[in-house]
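Chains as they are written, first to last, in this note's numbering: chain A, 1253 to 1941; chain B, 34 to 871.
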C-alpha cells in the first residue's frame, strides 16, 4: 500500500514536469474506452484504477465526445466501471472510496451531458445495463447510506452528498431524471435526517443535506407518490426538525448580515450624497454580490418543511440568540476541504456550540424573525425574475404560516414579544425611520408591518398583482384568526388602513394600464372586504372602542377614494364585458363603506355649520362619529371570514416546476465549480491508511 | 404485659422528654461501651460481622437484620427495624466492661405501644427490664443509679410517646454512642415523611458532629437512598449545601462529602436483581407480577425501549449526549442498543439546566431581554421532555411532560435572576417505576383525540417505513392541511357576552355562511361599538403589563384561570392525570435560611393546630440544591403588597373593598378575618424569629385576604446592613390596622388575643422549635447564627418565666410599640428610595 502511495505521489510530480507524458490514469481510462475487457491484460486493473487520482475533465470529456453508437460499443466496459465504482465504495481503503465517488460523479454527468435528448432508460442502460440496474443502484444507495451514517471521515460524507446532488441535478427537469426512481425506492431520507439531527455533521453538511432534501421532495411531485414527501410530512423528531430549521436559519441570517454589511458600507462611504439621490442604486450594487438565487433552494426547503410537516411549525418559533457573525472574526477555513456548493457557505461554527453564547447584547431571534427580515430584503426589489420568484415564495410560505393554527397562536402570543427590525426601502418621500427603536411586540405585528411595507412600496407600473393578492390574503387570514379567537392586538391599525386606502387610490388612478394586464377588481374586492371585516366584526378584535371610531374617521377622511372607486366599478359593471361580474361584486361589497360615508358626512357638515367652523379637527369629527352611531344601520355581508385555503396543486404547480428547474441549474453549476480538492483529501487519508 | 410501661410515671417521662441532655449526661458512664463503641451500627451494615464475635447469642439475629438492610427490603420492614432496635439495646447491655451476660426475665416488650408477637420467640435473647436485678457485683453506686435511669430511658424510647422530634433531640444531645446507635436504628421505625421533615437536621449532624452520631445515622440514610431516587438527590444536595461552610481543605475529605459522592456515584441502587426484574418487558403472554401490576400495565402501552432511552438521554441538556443517538425516531436501528438506565442523571441534568438558565439570565441587563431569553431557553428544554424528572417540591409522584415556556416570568430582583416557571406534569403511581408519558408534539394542541389514536404516535417507526406507499399522496393538501384547522378552534366566549347581548350579536360571532339566505341582515353600528366597549369593560381586574415588572400580571391571574388556560393550550391537557405546578428557581441565593424558616413555620403551624389556635400561616416548601441555589414553591393566588399598591394605587383597605366588597358583606368579613388570623400568625413568627427586611415587596396578599411573609433572608441574629432599622418586634402599619377595623374594633382585639394564645401554645412546645434551630447551628456560617447568643435569645423570646397575665401585657406592649414605631415607616421609606418598593 505504501508503495502505491509513493507511486502516485511520484507520478503526479512527473506528470507536472513532463506535460506530453500521459497520466497513468488516463491510459487506464483509454483502456476502458477501448472495447476490450481491461482485465484481460491486467487482472488487477480495477484495483489499481481506484488508487489513482481521478481525472474528471478527461473522463467527462471522453464520455461527452462519444456518440451513441460508440457508447454502445463500450457499454460493457462502462457498466463494468460503474459496477466496480459501487464495489469500491465499500472498500476499507478510503482513497479508493474517494476516487470511486468522483468517478461516479463524472460518469453520471458525462453520460447525461452527451445524451440530453436520450430517454432516461437509455442512460440507465448505458451506465449500468438494464438487467443489473436495480441491483447496482440498490448497492450504490446502500453504500452511500452507510457512508453518510457511519463514523467515517467528514470529507467522505461531503463527497457523498456532492455525488447525490450531482445525480439529482443532472437533468434540467428533475422529474425527467429516471435514475431518481431508484433513489425513491432506496431511500436515503433517514441518512439526511441523521445528518441534520447531529450537531457536528449538521454544521458541516447541513446545507447540502437540506438542498438535497428539497430537491428530492420535488421529484415527480404531482405525478406519483414520492416517498420523501410522505416521510418528510411525518417526521416528528424535534432535534432533527430543529436541525433543519437551524440550517435554514443560518443560511438566511448569513444573507441578512451580508446585506446589512453592504448597506452600511455604502452608506458610510458616500453618506449624504447617496442616501437621498441614488437610494436605489446600492441595491443593484448589492445585488451583484448577493445573489438571491443561492437562497432559492433554502427557501424551497423552508417551504416544503412548513407546507408538509406540521411539526415544523414549532421550529419557526424556536428561539435562538441572534448570532452576530460580524462580531466573530472571519472564520478560518473549515476542516472540510470542500465548500458546500461553492457558494458562500453559512459559517456554521456557532452551531457547534451546544451552550447558547452569553453575549448580553444578543437579541434573541428565531427562524421566523430571520425569515421575516430576509423577506423584507427580498421584497424591496422585485424587478428581476429571481427576486420576484423569491418574493413570491416568501409570501407563499407566509400564507402557509398564517393558515396554521399553532403558528397563529404563537404569532399572537402576548408573552412572546420581539423586536423585529425589518428592512425598509429607502424612498425619497419618507425618512429612514429610527428603526432601532422598534418596540417589542407579538410577532404578528412584524408580519403585518411587512405586509404594509410591501403594499406601500410596490405601487408601480410593473404592478406585481400576484404578490399583492397574496399579501392581502395573508392579512385576511390573520384577521380571521383574531376575530375567531378574540385576540385584541394593539397594532397601529390607522397606518394599516391608510395603506389599504392608498392602494385603492393607486388602482383607481392607473385603471387603464393595469386593466390591460390584471383583474384589479379581485384585489379591490379583497381590500374592501378587509374594511368590511373591521366594520362589522371590529367588536371582536379591535383593541379599544376608540380604535373603532378611528376606523370611521379614516373612512370618512378618505371618502373620495371610496366614492371614486364606487363610480368606477359601477361604470364597469353596467357595461357588458369581461369585468362586469367582478366589478359588480365590488359594488356590493362597498355598501357599508358608502353607508358610513353617506351617514356621517351630512352630520359633520351640519355640525360645522351649527358651530361655524370651516375645518373640523380630528377630535371634533370623532365626537360627531361617536354621537351618531345609533342611527346608522349596516348590512351584514356573507362569508367575510371565509377564505380559500392554500393549495399547491394545481395553481402553483407551474411556479414550483420552474423554481425547481432554476434551482437545479444553479446547484449543478455550483457543484461543478467545486473542485473536489484531491490534495486535501489525500493529506487527510494518507495519515489514515 | 405493658404494666411496666405504665409504671413510668408521667412526671418522669416529662423530665426525660424535656431535658434529654441532662438525663443522658447522667447516664453516660453506664452506657458507655469503651470496648467497641460503634459495634452496633457497624454490625448492622454487615460489613464486619467479626465485631459481633464476642456476642455469640446475638449473632444469628443480627445477621438477619444486616441482610435486611443490605439486601434492602423494598417495603420497610418495620418489624425488622424494631427488632434491630431491641437488639442494639440488648447489646448495649451485654457489652458491659466485664462482659458478663446478664440473665434476665424475658418479658414481652411493647414497642411503640403495640404488642410485638415476634418478641416472644423462644430463641431470642432475654429482654432487660427495669426490674432486672443488679447483674454486676463490683459496680459502683453511681452505676446502679444510672442503670436504672438508663432503663427509664429505654422505656421512654420504647413508649409510644417517643416521636421523631424526641429521637432527633436525643440523637443531638446524647453523648452516648449506645443511645445514638439505638436511635439510629429506631429511625427505621418512623414513617418516612416524619423523618424527612428532620432530614436537614439529620444530615447536618452527620456532617458536623462526631463520628458516633454519623455512624448512627448513616445506615438509615443509605437504606433510604437505596429506596428512593428523590431521597438520594435530596440528601446529596443537602450534604453539599451544609458542607459548604467547612474549610475547603477539610471539606474535601469530610464524611459529608464522601457520602455525597457515594450517593451521586449512583452505587446505592436497589439490589440489582430487583431492578432487572423490573426493566425487561414481560412477554405479552405472561401476566405481570402482582405487586408491580400497576406499573407494568402502563409499561406495556408504550415501547419500553424508548421510555428508557428518553429517561437517559433526553433530560440531558448537553447535546453531546443526544449525539449518541445515531438515528432518529424514524430510524430506530441504533436506539435499541442501550445500557442500564442511569438512575439519578435525568433529574440532576434537569435541575442543572434550570440552574444554568438562571446563571445565564443574570448576565443580561434588562428584564425584557431576560424574559426573552428565559422563554427561548425553556423552549429548548421542552425538547427533552417528557422525561423521568419531577419537581421535588410537589406533594405527589409525577413526571414532568412540558414547560409552557411562554408563561414563565422573571421575578423582581436587582442583580440576580430568580424566575418562576409553570410545569405541566402527569401524575403517576410512582415516578421511578411508572413508564414515562409518550411525547405529544406541540402542534397537536386542542386535539381532542387521545394519544393512542394520534395518527403517527401509534405507528412504530418500522411500520411507517414499510407502509408509506399505502399512504395517499400528502400533497393533496386536504390531507396535510385539514380544512377545519382554524374552524376547529374552540372559542370560549366570556360569560357576560352571551348574557348581555341581543340576538344580533350572535351574528357577529358566526358569520352566515349559507348562500341561500338572501334575506339581508342588518345590524346597528351602535351595537357593534357598544359591544366593543362592554367586552373590554368586563374583563376581570388584571394588572397592566409592565415590562419592568413582568411577574405582576402573571401572579395576579387567578390560579384556576391559569390552569384552565394552560391546559387548553397544552397537547397533554386532555389527559386526566394532567396537573400544573409552579416553582421559583433561585440561582445565586442561599436558601438554607429559608429552609430553616420553613421548618420553624411548619413546626409552629403544627403546634398551633394541635393547640387549636386559629392562627394562619403558610409555610412554603424550599428545596436547597446547593449553598447558592435552590427552588421555592410559589404561593399561588398571591401578589406582593407592593404590587397591589403600585397597580391599584389604593390604600390597602380600599383594595380589600374593591376585591371583596363592602364592609358588611360576607366576603369582606371573611377576608378581614383571614387577614387578622394571618397577620397575628406572622407577627408572632416575625417576633420569634426576628424576621427583618419587612418591606411591602416581601409581604404577599392572597386572593382570600391572607398575608404571607416571604423572604427569610434576615432572621435571628442577622439584619440587613445593620442599619439599626426595624427595631420593632414586627411590622404593623396603620394600613394594616385599618383593614382590621381600627384600633378600637373587635377584630383588633381578636388579633391581640390570637397573638397571646399563639405565644402560649408556642411556649408550651418551645423545645421542638428550639431544637430545629439549634441543630442547624452546628458548623454553620449562616448570618442568622452570627454571634454566640442566637439560641439563648431565641429561648428568651418564648418567655418561659412569665405568667399568662404578664404575657398579655407583653403582647400589648409589642403591638403598641410596633404601631408607634417610626422605624417601620422609616424602613418603608428607605426601601422606596433605594429599591422603588412602595
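Where is the CB? At the ideal position from N, CA and C, for every residue including glycine.
Keep in mind that this is a model prediction, so the values were computed, not measured.
Cα separation between residue 1849 of chain A and residue 1808 of chain A?
6 Å
Cβ closer than 8 Å: which chain D residues qualify as neighbours of residue 439 of chain B?
Note that chain D does not occur in the displayed structure, where the protein chains are A and B.
Can you look up residue 658 of chain B in the DSSP assignment and give me helix, strand or coil?
strand
Less than 8 Å between CB atoms is the rule here; does residue 383 of chain B satisfy it with respect to chain A?
no
Give the range of the beta strand (DSSP E) segment to which residue 1885 of chain A is assigned.
1885-1888
Answer with buried or exposed for residue 726 of chain B, where buried requires no fewer than 16 other C-beta atoms within 10 angstroms of its C-beta.
buried
Between the region 1489-1515 of chain A and chain B, which residues of the former have CB atoms less than 9 Å from a CB of the latter, in chain order?
1489, 1490, 1491, 1492, 1494
CB-CB under 8 Å to residue 1541 of chain A, same chain, minus the five flanking residues each way: which ones, in chain order?
Since pLDDT at residue 1541 of chain A reaches only 46, below the 50 mark, its modelled position is unreliable, and no value is offered.
With DSSP run on the structure shown, which of helix, strand or coil describes residue 455 of chain B?
strand
Check whether the Cβ atoms of residue 408 of chain B and residue 1668 of chain A lie closer than 8 Å to each other.
yes
So the candidates are B:270, B:684, B:691, B:722; which of them puts its Cα closest to the Cα of residue 631 of chain B?
B:722
Going along the chain, which residues of the region 1860-1893 of chain A sit with their C-beta nearer than 7 Å to a C-beta in chain B?
1881, 1882, 1884, 1885, 1886, 1887, 1888, 1890, 1891, 1892, 1893
Contacts that residue 1800 of chain A makes with chain B (C-beta to C-beta distance below 8 Å)
561, 562, 565
Does the beta carbon of residue 1372 of chain A come closer than 8 Å to any beta carbon on chain B?
no
Please work out which residues of its chain come closer than 7 Å, Cβ to Cβ, to residue 376 of chain B, disregarding the five sequence neighbours upstream and downstream, and give them in chain order.
262, 299, 302
Tell me whether the region 1692-1701 of chain A and the region 1738-1758 of chain A touch, counting them as touching only if at least three CB pairs, one residue from each stretch, are closer than 8 Å.
yes
Between A:1726, A:1492, A:1644, which lies nearest to residue 1555 of chain A when the distance is taken from Cα to Cα?
A:1644
To the nearest whole angstrom, what separates the beta carbons of residue 1942 of chain A and residue 1776 of chain A, a pair I think is in contact under 8 Å?
An answer regarding residue 1942 of chain A cannot be provided, because it is not within the stretch 1253 to 1941 covered by chain A.
Contact check, residue 798 of chain B vs residue 640 of chain B under 8 Å by CB: the rounded distance?
5 Å
Report the residue from B:461, B:702, B:764, B:616 whose alpha carbon sits nearest the alpha carbon of residue 668 of chain B.
B:616
For residue 1501 of chain A, the nearest candidate out of A:1620, A:1558, A:1356, A:1874 (CA to CA)
A:1620
When we look at the beta-carbon of residue 1814 of chain A and count the other beta-carbons within 10 Å, is it buried (16 or more) or exposed?
buried
Whole-Å CB distance - residue 1728 of chain A paired with residue 1803 of chain A, under 8 Å assumed
Not confirmed; about 16 Å, so no contact.
Check the Cβ of residue 1633 of chain A against every Cβ in chain B and list those closer than 7 Å, keeping chain order.
None at all; the shortest Cβ gap to chain B is about 31 Å.
With distances taken Cα to Cα, identify the nearest neighbour of residue 601 of chain B among A:1795, A:1737, A:1797.
A:1737
Check the DSSP bridge columns for residue 664 of chain B and list the partner residues they point to.
B:618, B:656
What alpha helix (DSSP H) runs, 4 residues minimum, are completely inside the region 1815-1876 of chain A?
1832-1841, 1843-1863
Rounding to the nearest angstrom, what Cα-Cα distance links residue 1482 of chain A and residue 738 of chain B in this structure?
58 Å
Taking any Cβ of chain B, which residues in the region 1777-1790 of chain A have a Cβ under 9 Å from it, in chain order?
1787, 1788, 1789, 1790
Ordered along the chain, which non-local residues of its own chain (more than five positions away) have a Cβ less than 8 Å from that of residue 1291 of chain A?
1297, 1298
According to DSSP, is residue 330 of chain B part of a helix, a strand, or is it coil?
Caution is warranted here: a pLDDT of 36 is assigned to residue 330 of chain B, below 50, making its placement in the model unreliable, and no coordinate value can be reported.
Alpha carbon to alpha carbon, how far is residue 380 of chain B from residue 661 of chain B? Give it in angstroms, no decimals.
19 Å
If contacts are defined as beta-carbon pairs under 8 Å, then residue 1462 of chain A and residue 1484 of chain A qualify, I think. What distance do you get, rounded to the angstrom?
Wrong, their Cβ atoms sit about 11 Å apart, outside the cutoff.
Along the chain, where does the alpha helix (DSSP H) that runs through residue 806 of chain B open and close?
799-810
Going by beta-carbon coordinates alone, are residue 778 of chain B and residue 648 of chain B separated by less than 8 Å?
no
Tell me which residue opens and which closes the beta strand (DSSP E) that residue 1787 of chain A is part of.
Run containing residue 1787 of chain A: none in the beta strand (DSSP E); it sits in the alpha helix (DSSP H), 1772-1793.
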